[in-house]
Structures are given as structure tokens and as C-alpha cells.
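Undergrad:
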Amino acid sequence: MKIKITFLFVDENILWVGVADKGLLKYSLNNGIRKLEIKFNAAQNPYIYTAQISEDKQYIYFGTNNGIVEYSINKEHFSNLKIAKSLGSYIGVSTKDIYGNLWFTGEKALLGILKNGEQVLLDDSKMFPST
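Under my numbering, think of the first position of the sequence shown as 52, with each following residue one higher.
Written out as C-alpha cells, the structure is:
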């Protein structure tokens, strides 16, 4: 069986693996045991492209082809991140700045998730002239 890996992310001793059209796998790097398998259907988020962990290490934010998914590390729970305005569907690039703020790109806007959890949306059409 061939699989297409679209995403890899390491969080301390956890390896996250995105598999095209299948979902997300979580492996322990300490013992190689698969800890969690999240299967997405085609209507959800079959492609994961990027991820960032919050400064307080409470959340991992995954950029997908259907927005941003927030993973609560303590609760082991996924939910779609609620954003005031659409970024577009493809969230493919992210970074953490020197202040610990997270930034995600979409076709229509740039989203910042500040250290305190507040969101900053940069969506000036002159800066983001996507069609």
C-alpha cells in the first residue's frame, strides 16, 4: 500500500505525520508506538500543510486545505479554529515570531495568534489582491 506523506511536525517527543486523503498520525519518538490516528473524510481536512505550537504549549494549530484546526494537547481534542473573517481555504505557511506569536497565511489574509490567544487579522485587499 502506497501512502503520500504531506506533512511532518515534531513536538518534543511526538512526531505528527500527515497522510494525503487519510488524516493525521501521532507517534511517540520515545518508543515508536502510534498513539493516535485521526481520520478525516474528504469534506473535512484531508491535507495538512503546516503547524505551530503555542508558546504555552497548550495548543497545536494545523494549517490545512480547509482552514486552521486547533488541537488541545491536554484534552487531546481537535476543533476548527473560529476566525472572524475567512482567510481562504488553503493555509499553507506558518511561522512563530521572536515574541512567540504565531502567523498563518491564507489566500485572503494573514492571521496572527498572539501569545495571549488574541487573534489579529490582516486582510487589506491592497496587501492580498487574490482573485
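Where a beta carbon is used, it is the ideal one built from N, C-alpha and C, also for glycine.
#1: Residue ranges of each alpha helix (DSSP H) run of no fewer than 4 residues wholly in the stretch 73-156, ordered along the chain?
#2: In chain order, what residues of the same chain lie with their CB nearer than 7 Å to the CB of residue 60, ignoring the 5 residues before and after it?
#3: Please classify residue 146 as buried or exposed, where buried requires at least 16 other C-beta atoms within 10 Å of its C-beta.
#4: Need the endpoints of the beta strand (DSSP E) that residue 161 sits in, please.
#5: Where does residue 54 fall in DSSP's three states?
#6: Using 8 Å as the Cβ pair cut-off and three pairs as the minimum, do the stretch 110-119 and the stretch 133-149 touch?
#7: Would you kindly report the start and end of the unbroken beta strand (DSSP E) that includes residue 168?
#8: Using the three-state DSSP reduction, which class does residue 62 fall into: helix, strand or coil?
TA: Inspection of the coordinates gives the following:
#1: none
#2: 67, 102
#3: exposed
#4: 161-164
#5: coil
#6: yes
#7: It is not in any beta strand (DSSP E) - residue 168 carries neither H nor E in the DSSP assignment.
#8: strand
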